[in-house]
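Chemist: First residue of the sequence shown? That's 8 in our numbering, and the numbers climb one at a time after it.
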Amino acid sequence: MPTLERPDCPLCKASAAQELYRINCQGGEWESFAKHHAGEEPARKVIIPHFAGQSFSYLKCKSCSFLWQGCVLDDQGMADLYARPEDDLGYAESLRAYQTRSSRQRGTRLAMRVAQTLARTNANITKVKVLDFGCGFGVWFRMAAAMGADCTGVELSEGRRAGMSAAGIRVFKELSDVNESFDLVLSDQVIEHVVDPVQSVKELVSKAKPGAVVFLGTPSSRKASSVIRNTAASNTYNPIRPFIHINSFTNQTLKKIGRIAGLQPIRAQAKYGYHLGVLGSVKNLLANEWDFWTKTAIHFRKA
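1) Relative to the C-alpha of G218, which candidate in F189, E162, N131 and R229 has its C-alpha closest?
2) According to DSSP, is A23 helix, strand or coil?
3) Rounded C-beta distance between T10 and G84? I'm assuming under 8 Å.
4) Using only the alpha-carbon positions, how far apart do D298 and R274 sit?
5) Would you decide whether P56 is buried or exposed? Buried here means 16 or more other CB atoms lie within 10 Å of its CB.
6) Report the start-end ranges of each alpha helix (DSSP H) in the segment 36 to 85 that is 4 residues or longer and not cut off at the edges.
7) Which ranges does the beta strand (DSSP E) cover as unbroken runs of at least 3 residues, wholly within the segment 185 to 249, from first to last along the chain?
8) Please report the Cβ distance between C71 and L27, rounded to the nearest whole angstrom; I am assuming they are in contact, meaning their Cβ atoms lie under 8 Å.
9) In whole angstroms, what separates the C-alpha of L214 from that of H43?
10) Who are the near neighbours of S62 in its chain, counting only those whose CB is closer than 6 Å to its CB and skipping five residues on each side?
11) My output table needs one value for T124: the three-state DSSP class, helix, strand or coil.
12) For L138, which three-state DSSP category applies?
13) Closer than 7 Å by C-beta to L117: which residues in its own chain qualify, once you throw out the five before and the five after it? Chain order, please.
14) Look at the Cβ atom of L223, then the Cβ atom of I305, and state whether they are nearer than 8 Å.
15) Leaving out the 5 sequence neighbours to the left and right, which residues in its chain are closer than 6 Å to Y89 when beta-carbon positions are compared?
16) Please classify S207 as buried or exposed, where buried requires at least 16 neighbouring CB atoms within 10 angstroms.
17) Using a 10 Å radius around the Cβ and a threshold of 16 neighbouring Cβ atoms, would you call G265 buried or exposed?
18) What's the gap between the Cα of I253 and the Cα of D15?
19) May I have the straight-line CA-CA distance separating M171 from L286, to the nearest angstrom?
20) Name the DSSP beta bridge partners of F256, please?
21) DSSP beta-bridge partners for E12?
22) Taking C-beta to C-beta, are V161 and V185 nearer than 8 Å?
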């Protein structure tokens, strides 16, 4: 798998960067680092050998504060990695494993999030056209389809595509294969993996109708600088996966990439009502504001 260096900021293209961390990809110290930050996930065992003799670097843009990994697989290498059938447990087995981990409470929360996101389109749910880019097992848009939405997925993994196609779900390998426009476009846990996130988001936005809702979700890198130095609290989510999570977003940089692509972030609609009471309504309003200014799961609207 071919590699490339990204010395310039992938977000604003500035060339001035602060190197937060660098380590040679060999020896015991590297093995310990890679295992700590990537665990036993299959992708680590496939991808890391390709970087033997090179360096892992973690950079911060001095202009926009974006965080990224310098040496990465190129576009074809990334596509080959995520399309590998041997990385799948098999569609049915993986989906059963996911469902085993998913509690009824989690399913209820997912259903609420799906319904709230569909409602943001301001259209009749049965007329909403949804595109899920990097749809995985299709869990999100299966829920949306059950609510009446017209759903299309894009997924690199051949095993997952085959499973969804067998279930009658419309799914494509590449975004370029999709020749429609949509009321709602989602990309959840995807753009942290791509070499050129700005270009990827622009291509995604091109599939959205004017006025459509676009959702971008990534792991939060708000504490990444501490995590990379192993100084963060033990319960802090680790957003760093060497050569896998190659882009690290904060709330501010995720909003920035949206604006570059012609999007404007939108707030959640605050919930009021007698059933919530005054205190409940205030708490809901504050929670919505907290999410809007801190989370890396953001809804945008296309102009």
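Ideal Cβ placement from N, Cα and C applies to all residues, glycine included.
Modeler: Quick answer:
1) F189
2) coil
3) 7 Å
4) 9 Å
5) exposed
6) 49 to 54
7) 189 to 195 and 215 to 224
8) Not a contact, Cβ separation roughly 15 Å.
9) At residue 214 the sequence reads Lys, which differs from the Leu that was named. C-alpha separation (whole angstroms): 38 Å.
10) R29 and N31
11) helix
12) strand
13) M150
14) yes
15) L163
16) buried
17) buried
18) 13 Å
19) 44 Å
20) S227
21) C78
22) yes
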